[in-house]
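Visitor: For reference, the structure I am asking about is given below.
What follows is the structure in structure tokens.
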């Protein structure tokens, strides 16, 4: 009997290899970015984009994954910034990375305290509770000069700048790599966290906390964990915002407007997805530049700066309304980068 020659089946594409190649290419671009972009882009666009992405990630863990509404993002960023300043001022031998970690832990403890009401209240009343943190810390850090070392302008700045272990990170490249390293590390930790049991507990509470309690989820502990982790990340983001981006900061740098901005980032980018924090931060960072460029070219610079700022606010408001009505999952869903299977998306969020 003659042999039957069957056509060889095409080998499947090595998806793991392609992903590894993509990750390697992305890392190469990130490492080379300071040498490809101008100093203006690094200082005014890329660094604040990374920090806002980190802040959006922190709030998204709390609101997008755990379903706990908050308007206190600016307050927890403020705590992190002032804690870092105090540690560097009063414990001069403490390296900056350790100061950031300790400041994040302090912000996490503060978030844990203000998260206690979440075990009893939810929705609008929880928003009011977190809003109280915003007003309280604005009053506290202005009322007592100890927090800003009696500076006549009530501002805080690191006397030694961004230096640690003999490395000077005060230049554009140093600030970029410091920020990038911290953002990448906390993003990786957050990704692993939400893929574990803690993340599943948060998502169960978000969907229905009563049902979560019935199936054995420790609702009380999980809610407090969400507030603590979120505030920890926001505290570090606040320190980076104050010292890696602004250079010096005050209470006004973390006012209620900042809390709204972080909330807008996760709404526009996409609730319950890590990518959404980056998409939303990119949108918030680039939209003002795009509008400024558009008005400069269309109206030859005759548009008043105050009017342009109001137009930006109006556009943000309209976009938020549109996203809430038409695409609640934000840019992450709109750009088609989330998994299609709803069940898998809940178990292994992107």
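Residue numbers (the working numbering): 64 to 413.
Heads up, the beta-carbon is just placed ideally off N, CA and C, and yes, glycines get one too.
1. Classify residue 348: buried if its beta carbon has 16 or more other beta carbons within 10 angstroms, exposed otherwise.
2. For residue 228, name the three-state secondary structure that DSSP assigns.
3. Pick helix, strand or coil for residue 345, following the three-state DSSP scheme.
4. Ends of the alpha helix (DSSP H) at residue 267?
5. Which residue marks the beginning of the alpha helix (DSSP H) containing residue 223, and which one marks its end?
6. Spatial neighbours of residue 295 within its chain, please: CB distance less than 7 angstroms, with the 5 preceding and 5 following residues excluded, ordered by chain position.
7. Our contact map puts residue 393 next to residue 343 with C-beta atoms below 8 angstroms; I'd like the distance itself, whole angstroms only.
8. If you check the beta carbons only, do residue 287 and residue 175 fall under 8 angstroms apart?
9. CB residue 329 to CB residue 386, shorter than 8 angstroms?
10. What alpha helix (DSSP H) runs, 4 residues minimum, are completely inside the segment 95-165?
11. Nearest to residue 189 by alpha carbon, out of 209, 126 and 242?
12. Beta-carbon within less than 7 angstroms of residue 269's beta-carbon, same chain only, minus the 5 sequence neighbours each way: which residues are those?
13. Please report the distance separating the alpha-carbon of residue 324 from that of residue 250.
14. Which whole-angstrom value is the C-beta distance of residue 264 and residue 280, which I expect to be below 8 angstroms?
15. Which residue or residues does DSSP assign as beta-bridge partners of residue 312?
16. If the criterion is Cβ atoms closer than 8 angstroms, does the pair residue 150 and residue 138 meet it?
17. Counting beta carbon pairs with one atom in the segment 238-252 and one in the segment 110-118, are three or more of them shorter than 8 angstroms?
18. For residue 336, name the three-state secondary structure that DSSP assigns.
19. Mind checking which residues open and close the alpha helix (DSSP H) that includes residue 236?
20. Can you tell me where the alpha helix (DSSP H) with residue 293 in it begins and where it stops?
21. Residue 313 and residue 217 look like a contact to me (Cβ under 8 angstroms); what is the Cβ gap, rounded to whole Å?
22. Please state the DSSP three-state secondary structure of residue 376.
23. Determine the DSSP secondary structure at residue 318, reduced to helix, strand or coil.
24. Kindly indicate which three-state DSSP category residue 398 falls into: helix, strand or coil?
25. Do you know offhand how far residue 204's Cα is from residue 299's?
26. Could you tell me the alpha carbon to alpha carbon distance between residue 93 and residue 155, rounded to whole angstroms?
27. Taking C-alpha atoms, which residue in 230, 196, 201 and 152 lies nearest to residue 212?
28. What's the gap between the Cα of residue 389 and the Cα of residue 327?
29. Provide the residue span of the alpha helix (DSSP H) that contains residue 307, from first to last.
30. Drop a sphere of 10 angstroms on the beta-carbon of residue 187, count the other beta-carbons inside from all chains shown, and report buried for 16 or more, exposed for fewer.
Guide: On the basis of the supplied data:
1. Residue 348 comes out buried.
2. It is coil, neither helix nor strand.
3. In the structure shown, residue 345 sits in a helix (DSSP, three-state: H, G or I).
4. Here the alpha helix (DSSP H) through residue 267 covers 260-277.
5. Counting along the chain, residue 223 falls outside any alpha helix (DSSP H), and DSSP gives it neither H nor E.
6. Non-local beta-carbon contacts of residue 295 in its own chain, meaning distances under 7 angstroms to residues more than five positions away in sequence, involve 167, 168, 170 and 171 in chain order.
7. By a beta-carbon distance limit of 8 angstroms, residue 393 contacts residue 343. Their separation comes to about 7 angstroms.
8. Yes, they are a contact pair.
9. The Cβ atoms of residue 329 and residue 386 do not sit closer than 8 angstroms to each other.
10. For the segment 95-165, whole alpha helix (DSSP H) runs of length 4 or above, ordered along the chain, are 110-123 and 136-153.
11. In terms of Cα proximity to residue 189, the closest of 209, 126 and 242 is 126.
12. Cβ neighbours of residue 269 beyond the five flanking positions: 128, 129 and 130.
13. Here the alpha carbons of residue 250 and residue 324 stand approximately 20 angstroms from one another.
14. Contact flag correct, Cβ pair sits at about 5 angstroms.
15. Paired residues: 219.
16. No, these two residues do not count as a Cβ contact at 8 angstroms.
17. Contact holds: three or more Cβ-Cβ distances are below 8 angstroms.
18. Of the three classes helix, strand and coil, the one that applies to residue 336 here is coil, per DSSP.
19. Going by DSSP, residue 236 is part of the alpha helix (DSSP H) stretching over 235-257.
20. Start and end: 282-303.
21. Rounded, the Cβ-Cβ distance is 6 angstroms, consistent with contact.
22. DSSP places residue 376 in helix when its eight states are reduced to three.
23. Reduced to three states, the DSSP call for residue 318 is coil.
24. In this structure, DSSP gives residue 398 a state outside helix and strand, which the three-state scheme calls coil.
25. Going by C-alpha positions, residue 204 is about 18 angstroms away from residue 299.
26. Going from the Cα of residue 93 to the Cα of residue 155 covers about 32 angstroms.
27. That would be 152, whose Cα lies nearest to the Cα of residue 212.
28. Cα to Cα, the separation comes out at about 16 angstroms.
29. Per DSSP, residue 307 belongs to no alpha helix (DSSP H) and is neither H nor E.
30. By the neighbour-count criterion, in which 16 or more other beta carbons inside 10 Å mark a residue as buried, residue 187 falls on the exposed side.
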